[in-house]
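This report refers to the structure that appears directly beneath it.
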Amino acid sequence: MGKRRAGRQLLRSLSKKQKKHLREFGEEHPFYDNRGKIKACYFIGCYCCFCLHFCFPFQSDDSDKSSAESDSETEVERVSGYHKLLATLKTSPESESEEDESESEEAEESEAEMASEGSQESGEAERGEEDKNDVPEEEEATAEQMLSQEQADGMDTSCDPRHGVIEEFTDVKHESEFSLETNFMEEESGDGNADRTGSNPFKLHMDKELEEKEIEKMSTLPKTSSQSQWPRLGQVIFSSTLEKHKALKADKEVDVKQLHLHKPLESTWPKVNKQFLSAVDKPTDSSFTPLQRELFCIMNSYRDLFYPERNALTNGEEIRHAYCLHALNHVLKANAQVLSNNTKRRDRKPGTDPDDHRDQGLTRPKVLVIVPFRECALRIVHTFISLLELNDNKKIDVSNKKRFKGEFGSDPEEKPPNLKRPEDYEAVFVGNIDDHFRIGVAILQKSMRLYAPFYSSDIIIASPLGIRTVIGAEGEKNRDFDFLSSIEILIIDQADIYLMQNWEHILHLMKHINLLPLDSHGVDFSRVRMLNLNNWSKFYRQTLLFSALQEPQINSVFNKHCFNYTGQVAVRNVPRTGSISHIVVQLPHVFRRLEADSATSVMDTRFQFFIDKVLPEYRDAIMSHTLIYIPSYFDYVRLRNYFKKEDLNFTHICEYSKRAAVCRARRFFLEGEKQFLLFTERFHFYKRYTIKGIRNLIFYELPTYSHFYSEICNMLKATDNGVDATWTCTVLYSKYDAQKLAAVVGIDRTAQMLQSKKNVHLFVTGEN
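Just so you know, we're using our numbering here: the sequence shown kicks off at -6 and counts up by one.
Written out as structure tokens, the structure is:
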């Protein structure tokens, strides 16, 4: 009875979204503070964002048994707990009223826990004991009873993981209404005539016929590049393999009528974008901000774009509106062309060559938008709707809108309490932060269809995890990626966040996009463009990549997976000051350079350098309260195992740590019971806890986000009164960390540090 009671109590502590994530991936999302988290890494084949590799050895070695911080016992409990949860989800009976009571208890417990966390943040010592809830033993409702009750209440349960196999909801009811093959252009709209002008960027890009010599040249020869200085974007690098195209210059002023926007967008865009315009904008340029004007100038030329200065606090929504305008403009033009040609084919005389109307790809989806959270997808769809509605009296028909708001909107009851967090954290983790979703959107003239089947969609909005679970892996039966065969615009927004989730999902997507489909899917080959039949789609695909930072993995995707024949445009501005200027405590910084033979060997070189040169200096008891900041989870596991093997006095916190373990580790470190604290970057990204008691800092590697450097350093002010002569900060870096180093210390210091092979000592006074 005790085990069954523990399983039920663990189940009650989870919300509906947490139960869904737990059932699908075997673990909860690390954003939420939870007590029953299961490591998905023990289940081979899991695609969760927080499993870097399917078979990575998360279990500790035999030496773990002798450590006070050993994970061996908790690992067994987690596996058994997972099975207990599955059993209670399927078989436990309970009355509906009792379930409501448990949900109210869950809310009270959550508030109490987070309130205690807030008091810990304000100065009280943390306590690491597990919560013990004296809840009377209750019976839970069976899955069948819960299903019948929800159906009686009018709820759609097709996507609820509590009801057995999850069936993905797709709208089949409106299939004929949104079919491109059976609909025709409305004569009153006149939209088909908008694309006949010779300077229309859409027509110029899609109608160009490449030769085999040009394709071979793009596949073999390196790219040539040139650069220019733009007023708002700064240093812009243009690169292309083919002959140099006409130089692209930033337009000082933009007339909406000269952008060749589709008919409704010319009137709706100024209204939708009005919120971002300031009084300083010129009256003649009242529809774009300076940033949007230059970005859209590049987008509208159908070149690939990499913009690494996206900021959720400042320009994130500006950029989202700009690429939504471009994507919607592309879809409306493409569909208008198909509908117009449908009318021509219907009215054509016998004997007319049907090849004059090649206007489609092998599959219908044209635009793929990758975003990290459901809230982002919600805002994109709302922007699409606003751009299609001419005024309040002419609203477009949006099917399944209520369901969409329910699944992608945020639930006020599940919103974490208002703890003190940085502004950038609040801007990123706003609304519904579920990271497993995908939705098809079909647009036809004056109507929009949400939850359209992928092969009937014009736009697909998905998270990396959501698209990965559809693509699947080699050998899986139900995998599908044919719908990616004719993607013409790929938008990857907030790419830096995927480094904190699972970058492998992005690489997996890039390997499966624009491949020849395995099935025809009912396509009319007489309407398919020759570029698609020749398997040249990737040379016409435009990729728009937005990130908050320049990072080698993101650069690699842009350089190695973008083949647009019109070329690539990348913004390459270098920071002049760096985040070190935001440190407010007096702290000496020692940057220790390590020499690595290659980028592939730098991880091993860093580890050996650390245990041979750095760690011996901190073994002395005098160097207590040492926090080691580790960006890579692989490095964290390696160091953790080494510390256990050497029987060092340490504790550790990572993104997989249970709440009780985190509280216990923070208390041990604050009170000096543990000399070292291993601290991962992804835990800091998702939690932003203030770690108290730090006297010595070691950055095992420079942070991915430059502002994390100043945030961690400023945690020292939470100790004592802000002045301590014994504070130290040591940073390990190599020549392959040039971009990260420049973001921390500035470009001028970086050049000097890379030229010199000596250690660099900097002292920050708090006035920099």
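Cβ coordinates follow ideal geometry from the N, Cα and C atoms, glycine included.
- Under DSSP, Asn328 forms no beta bridge with any residue.
- With 16 or more other Cβ atoms from the protein chains shown falling within 10 Å of its own Cβ, Ile432 counts as buried.
- Distances from the CA of Lys637 to each of Phe401, Ile485, Leu671, Val655 were compared; the closest alpha carbon is that of Leu671.
- Residue Ser333 holds the alpha-carbon nearest to the alpha-carbon of Arg351 among His323, Ser333, Asp340, Asn495.
- Between the C-alpha atoms of Glu704 and Ile506 there is a straight-line separation of about 38 Å.
- One thing to note: Lys388 has its Cβ no nearer than 9 Å to the Cβ of Ala589.
- Rounded to whole angstroms, the separation of the alpha carbons of Ile547 and Phe289 is 21 Å.
- When the alpha-carbon of Val550 is set against those of Thr619, Arg565, Leu695, Met503, the nearest one is in Met503.
- If you draw a 10 Å sphere on the C-beta of Leu258, you find 16 or more other C-beta atoms in it, and that means buried.
- Inter-segment contact for the stretch 589 to 601 and the stretch 321 to 333 is absent: fewer than three beta-carbon pairs are separated by less than 8 Å.
- In this structure the stretch 378 to 398 does not lie against the stretch 652 to 661, because fewer than three pairs of beta carbons, one per stretch, are closer than 8 Å.
- If you look at Phe676, you'll find it in the alpha helix (DSSP H) that goes 674 to 680.
- With respect to Arg522, Gln353 sits close: the two C-beta atoms are nearer than 9 Å.
- Asp475 counts as buried, since no fewer than 16 other beta carbons sit within 10 angstroms of its beta carbon.
- For Leu437, the uninterrupted beta strand (DSSP E) run begins and ends at 431 to 437, by DSSP.
- Under DSSP, Arg586 takes part in a beta bridge, and its partners are Tyr726.
- Separation of Lys710 and Val578 (C-alpha to C-alpha, rounded to the nearest whole angstrom) is 6 Å.
- Beta-carbon to beta-carbon, Leu252 and Glu207 are separated by about 28 Å, too far to satisfy the 8 Å threshold.
- In the assembly as shown, Asp605 is an exposed residue. Its beta-carbon has fewer than 16 other beta-carbons within 10 Å.
- Counting only runs of 3+ residues, the beta strand (DSSP E) found wholly inside the stretch 613 to 648 occupies 619 to 623, 643 to 646, in chain order.
- The closest CA to that of Ser192, considering only Asn293, Gln222, Asp164, is found on Asn293.
- Following the DSSP letters along the chain, one finds Ser218 inside the beta strand (DSSP E) bounded by residues 217 to 223.
- Rounded to whole angstroms, the gap between the alpha carbons of Pro358 and Ser479 is 7 Å.
- For Thr570, there is no enclosing beta strand (DSSP E), as DSSP marks it with neither H nor E.
- Each of Ser513, Pro365, Met493, Thr719 was checked against the Cα of Glu674, and the nearest Cα belongs to Met493.
- Annotated as proximal: Gly560 and Ser232, with beta-carbon spacing under 9 Å.
- Taking all protein chains shown into account, Phe195 has 16 or more neighbouring C-beta atoms within 10 Å of its C-beta and is therefore buried.
- Between the alpha carbons of Glu202 and Val324 lies a distance of about 21 Å.
- Looking at the DSSP output, His754 bridges to Val583.
- The Cβ atoms of Ile452 and Val362 sit closer than 9 Å to each other.
- Between Val463 and Ser450, the C-beta spacing is not below 9 Å.
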